[in-house]
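Only one structure is covered here, and it is reproduced in the block below.
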Amino acid sequence: MAKVKLRKGEHKQAGFLAKNYSGTVPLLELDDGTLIAECTAITEYFDALDGAPTLTGRTPREKGLIHMMNKRAELELLDAISVYFHHATPGLGPNVEIYQNAEWGLRQRDKALKGMEYFDAILKRQPFVAGEVFSMADITVIAGLIFAGLLKLPVPAECEALLAWYARMQERPSVKNRVTMSRTSAASSAACAAS
Ligand SMILES: N[C@@H](CCC(=O)N[C@@H](CS)C(=O)NCC(=O)O)C(=O)O
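Numbered per the numbering used here, the sequence shown finishes at 211, counting up by one with no gaps.
Written as structure tokens, this is what we have:
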């Protein structure tokens, strides 16, 4: 495993950008040199390896629902929190945050809070984000809430179903024993929490 120093902006330098145009981690490099970026793409790759995927759906219906809910978890929660982090807080520091727009960041913070309300409503009627089984969509919401917590954006107390689900998720060994890509910065660790 190669470490990339985010605060030093290594992920925005030409060498890394040549491997991942988006300039973000994680990035998976296979033995044959194939490069796979994007958390969800990497999850799909590992999930499919043994021919019996569990996190990304077993049936066409499950696959469709998980994809939809994962996309919403990214758009409404994780990405919104990330924009808030990069634009309305010191983010990864001056080496990386060369353009900030605090107003946009604060709007995205509010979007994330609304996203929490949305997922609360979903979890009032079903045990997991995409339905009856734990999936990649749960992982994305967990990552969003860990990131939000570190940025002092707690889940509102009224979101009882979301909070109860989150407490259940904390009991999962993969969440309890999660490994982060960075040990030096609480906030950037949150962004990279592996569930
Ligand atoms: N859409 C990307 C987002 C990845 C992402 O934002 N990664 C964070 C850390 S986990 C990152 O690289 N942040 C650095 C930056 O945005 O400058 C994915 O799903 O992999």
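Glycine residues also receive a C-beta, built at the ideal position from the N, C-alpha and C atoms.
Should residue i go down as buried or exposed, given a rule of 16 or more other Cβ atoms within 10 Å for buried?
i      : result
SER205 : Reliability fails at SER205, whose pLDDT of 44 lies under 50, so the model's placement of it is uncertain and the value that follows must be treated cautiously. The residue is buried, with at least 16 neighbouring Cβ atoms inside 10 Å.
ARG199 : In this predicted model, ARG199 has a pLDDT of only 46, less than 50, meaning its place in the structure is not dependable enough to derive any value.
THR3   : There is no way to answer for residue 3, as the model of the chain reaches only from 17 to 211.
GLU60  : buried
SER38  : exposed
LYS21  : exposed
SER190 : exposed
PHE62  : exposed
VAL195 : exposed
THR70  : exposed
ALA209 : In this prediction, ALA209 scores a pLDDT of 38, lower than 50, which makes its location untrustworthy; the coordinate-derived value is nonetheless stated afterwards. ALA209 comes out buried.
MET84  : exposed
ALA202 : No answer about ALA202 holds up, because its pLDDT of 47 lies below 50 and its placement is not dependable.
Under 8 Å between the Cβ atoms of residue i and residue j?
i      : j      : result
SER151 : THR75  : no
MET132 : LEU93  : yes
ALA89  : ALA177 : no
LEU33  : LEU43  : no
ARG125 : LEU91  : no
LEU81  : GLY160 : no
VAL157 : VAL145 : yes
Is residue i near ligand 1 - that is, is its Cβ less than 7 Å away from at least one heavy atom of it?
i      : result
VAL41  : yes
HIS27  : yes
THR105 : no
CYS175 : no
THR75  : no
LEU22  : yes
Name the residue from the options whose alpha carbon lies nearest to the alpha carbon of residue i.
i      : options                           : result
ARG123 : TYR100, ILE138, GLY131 and TYR134 : TYR100
ASP47  : ARG125, MET17, ALA104 and ARG88   : MET17
ILE162 : GLU148, ALA128, GLU26 and LYS87   : ALA128
LEU179 : MET84, LEU139, ALA53 and LEU91    : LEU139
ILE114 : SER98, LYS130 and GLY25           : GLY25
ALA104 : ALA118, PRO189, GLN186 and GLY160 : ALA118
GLY121 : VAL149, GLY109, ALA164 and ILE97  : ILE97
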